[in-house]
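Asks: Position 63 of the sequence shown, counting from 1, maps to 63 under UniProt numbering, and the rest follow consecutively.
Where is the CB? At the ideal position from N, CA and C, for every residue including glycine.
Before I ask anything, here is the structure I am working with.
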Amino acid sequence: MEQLSGTSPRAVRAGEPCSPVDNVTSSDLRGILESSAEHYLHIRQHHGSSAELFSCPDGEKIKVDGNSVLHAPLYRDEDSQKMLLLVNPKKRDSVLAVYLKDKWWGVDELLQSCIPVQQGLKQVQTCGERIVLFVLNCLVCGFTESGDSENGVCFLPHSAGELAKIFWHHGEAVAFYTYKNKGSLCDRSSHCYLLPVLDTIFVRKKWRRHGFGIAMLQDFCQTFVQEVALGISSPISPEMYHGKKSLM
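Put into structure tokens, the structure is as follows:
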């Protein structure tokens with residue numbers, strides 16, 4: 001029986017990115033999505049006869065079959081582009097792994113980068129960074145740390161052109177925020193934003209109380225320092241309200 005593990009470090013050859021999301025091109029992304037769709041179809045057609053196993057960090061082995069996979073959209077309103085996700089069928093409120101480049105990768109692995117410049121706040125530009133944003137927004141916030149939704153905060157997949165910045169700390173993606181430019185169209189509407197708006201902001205639980213949230217609020221304000229007024233999307237969590245007051 002084949003055993004797949006996405007949780008242990010792998011040997012890196014010279015010149016090879018050590019993260020599956022480093023240097024992902026648009027062509028690579030098309031291949032990833034096509035491979036995910038093909039593998040999802042294969043799993044569904046061979047339900048119950050899969051030889052794939054995924055080893056979790058705690059040693060539990062999850063059988064990859066129709067009960068343990070989800071096909072989730074990478075972008076909002078684009079159902080044709082979906083990522084293949086692995087969940088524990090006994091506990092479907094957390095995602096264990098994502099299928100990339102013909103293998104399963106643990107969620108934490110996808111939040112790591114070996115690119116030296118990945119430090120501090122970086123504008124999301126590459127396809128690999130779009131995948132990292134998806135993992136932070138939909139998998140970590142939406143599943144693993146979904147308790148935040150109790151405060152009325154529930155993040156949906158972003159659009160393919162979402163304006164966003166990821167906070168990197170020693171090569172690890174620890175937080176992100178998204179924003180809307182003044183004059184850009186509101187979702188599913190002919191109306192425009194009348195001022196720059198901070199749309200979503202999220203810090204992973206283990207990295208909270210390290211100043212990342214305040215740093216992102218400050219960055220947003222400095223990005224639009226020439227503007228008379230700035231906006232924040234609702235609902236606003238108690239943490240966001242407290243952080244906003246500290247900057248006033």
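1) By alpha-carbon positions, which one of K82, S189, Q226 and D199 ends up nearest to F134?
2) Tell me N88's beta-bridge partners as DSSP assigns them.
3) Look up G152 in the DSSP assignment and say whether it is helix, strand or coil.
4) The alpha helix (DSSP H) spanning I214 covers which residue range?
5) Report the rounded CA-to-CA distance for S184 versus T178, giving the unit in angstroms.
6) In three-state DSSP terms, what is Q119?
7) What is the C-beta distance between V98 and V87, in whole angstroms, given that I count them as a contact (C-beta under 8 Å)?
8) Hey, out of I115, L121 and L194, whose CA is closest to Q222's CA?
9) For a quick check, are the C-beta atoms of A175 and V203 less than 9 Å apart?
10) Less than 9 Å between the C-beta atoms of R76 and S159, yes or no?
11) Residues in the same chain with beta-carbon distance under 8 Å from D22, minus the five sequence neighbours each way, listed in chain order, please.
12) Report the rounded CA-to-CA distance for A51 versus S234, giving the unit in angstroms.
13) Kindly indicate which three-state DSSP category L163 falls into: helix, strand or coil?
14) How many angstroms separate the CA atom of H170 from the CA atom of L111?
15) If you draw a straight line from the C-alpha of F167 to the C-alpha of Q119, how long is it?
16) At the level of alpha carbons, what is the spacing between G213 and E109?
17) Considering only their Cβ atoms, is the gap separating A72 from V124 smaller than 9 Å?
18) Are the beta-carbon atoms belonging to residue 296 and P157 less than 9 Å from one another?
19) Between the Cα of residue 275 and the Cα atoms of Q226, L217, L33 and W207, which residue gives the shortest distance?
20) How is K182 classed by DSSP in three states: helix, strand or coil?
21) On the DSSP letters alone, give me the boundaries of the beta strand (DSSP E) that G66 sits inside.
22) Consult DSSP for G231 and reduce its assignment to one of helix, strand or coil.
23) Just to confirm the assignment, what range does the alpha helix (DSSP H) spanning S189 have?
Replies: Result, derived from the coordinates:
1) K82
2) K91
3) Residue placement at G152 cannot be trusted, given a pLDDT of 41 that sits under 50; what the coordinates show is reported in the next sentence. G152: coil per DSSP, three-state reduction.
4) F212 to T223
5) 13 Å
6) coil
7) That pair is no contact at about 11 Å.
8) L121
9) yes
10) yes
11) S113, C114, I115 and G128
12) 46 Å
13) strand
14) 11 Å
15) 7 Å
16) 23 Å
17) no
18) This structure cannot settle anything about residue 296, because the visible part of the chain is limited to 1 through 248.
19) With the chain represented from 1 up to 248, any question about residue 275 goes unanswered, as that position is not in the structure.
20) coil
21) It is not in any beta strand (DSSP E) - G66 carries neither H nor E in the DSSP assignment.
22) strand
23) Segment: none, S189 is in no alpha helix (DSSP H) and carries neither H nor E.
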